[in-house]
Amino acid sequence: MIEITRRGHRCQAFGLAATDMKEQPFVFSEAPVSQGTDQLEVILYEVDDVLFAIDILDVREIIQTSEVTESPNRHPHVDGVIQLREEWVPVVNLAKVLNLKAHPAAQENKFMLTEENQNKIAFHVQKVTKILHLRRTDVEKPDALSKGLESNVSGVLRIDGRIAFMLDQEKIITDILSGSFE
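Per full-length UniProt numbering, the very first residue in the sequence shown carries number 1; after that it's consecutive.
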């Protein structure tokens, strides 16, 4: 398990601007992220080879794939639940949410644990690649590049010649908990 941070605290990765999640170990601190600054730290991850980003403050931890237990009468985008420290946490398959190709469980697959309104949710992603330090002004408004994803995208980043979509995980979680889906 790779523990990232608790909400309101930041991860430090040897002070590098971008940290490769495969090749370098992490050093975590409990130093609070300055509120009201222009700084933004995001975790880059992939679903069906499409690059996405999530604010590090929205991720409680990243865990290796563990066994998913199917549950009856679940939302179509929920694969089931995982047991995490005596708690059962629903697993949202982002490939299904985004109408992308779902890859079978692979060694690189991860779960990003988030919490919204005291509801813990694990997002199933194929690959977590790096932590990136940016300015909030680097986040662009969704445009034609996010066609097909627009209902779930809150922003767009241009990183090393690639586009990374910032998902509106609050909307995704709310839609799933309310039982609605597009």
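Where a beta carbon is used, it is the ideal one built from N, C-alpha and C, also for glycine.
The structure presented is a predicted model; accordingly, all values stated were derived computationally and were not measured.
So, helix, strand or coil for residue i, using DSSP?
i    : result
T174 : helix
Q169 : helix
S151 : helix
H74  : The residue you asked about is not His; residue 74 is Arg in the sequence shown. In this structure, R74 counts as coil in the three-state DSSP scheme.
L84  : strand
E136 : Just to set this straight, residue 136 is Arg in the shown sequence, not Glu. Three-state DSSP puts R136 in a helix.
A102 : coil
D58  : helix
Going straight from the alpha carbon of residue i to that of residue j, what length do you get?
i           : j    : result
F123        : D160 : 25 Å
L94         : Q64  : 16 Å
R136        : E86  : 37 Å
H75         : D175 : 10 Å
V42         : E70  : 30 Å
N73         : I62  : 27 Å
D143        : L132 : 22 Å
L51         : N109 : 14 Å
H77         : L40  : 29 Å
V139        : D55  : 11 Å
residue 185 : S66  : In the structure as shown, the chain begins at 1 and stops at 182. Residue 185 is therefore absent and cannot be evaluated.
To which residues of the same chain is residue i closer than 6 Å at the C-beta, ignoring the five residues directly before and after it?
i    : result
E116 : E170 and I173
D79  : V68, V91 and N93
L100 : V47 and D48
S154 : M166 and D168
R162 : L51
A53  : V42, L44, L157, A164 and M166
To the nearest whole angstrom, what separates the beta carbons of residue i and residue j, a pair I think is in contact under 8 Å?
i    : j    : result
D38  : T114 : With a Cβ gap of about 24 Å, D38 and T114 do not count as contacting.
K120 : V89  : 5 Å
Which word fits residue i, buried or exposed, when buried means at least 16 other C-beta atoms lie within 10 angstroms of its C-beta?
i           : result
T129        : buried
G179        : exposed
K141        : exposed
residue 262 : Nothing about residue 262 can be reported from this structure: the residues present for the chain run from 1 to 182 only.
Q126        : buried
Apart from the five residues on each side of it in sequence, which residues of its chain come closer than 7 Å, Cβ to Cβ, to residue i?
i    : result
Q102 : Residue identity differs from the one stated: residue 102 is Ala in this sequence, not Gln. Cβ within range, chain order: N93, A95 and K96.
L177 : N119
Once you ignore the five residues that flank residue i on each side, which residues in its own chain have a CB closer than 8 Å to its CB?
i    : result
L134 : Q39, L40, E41, V42 and L157
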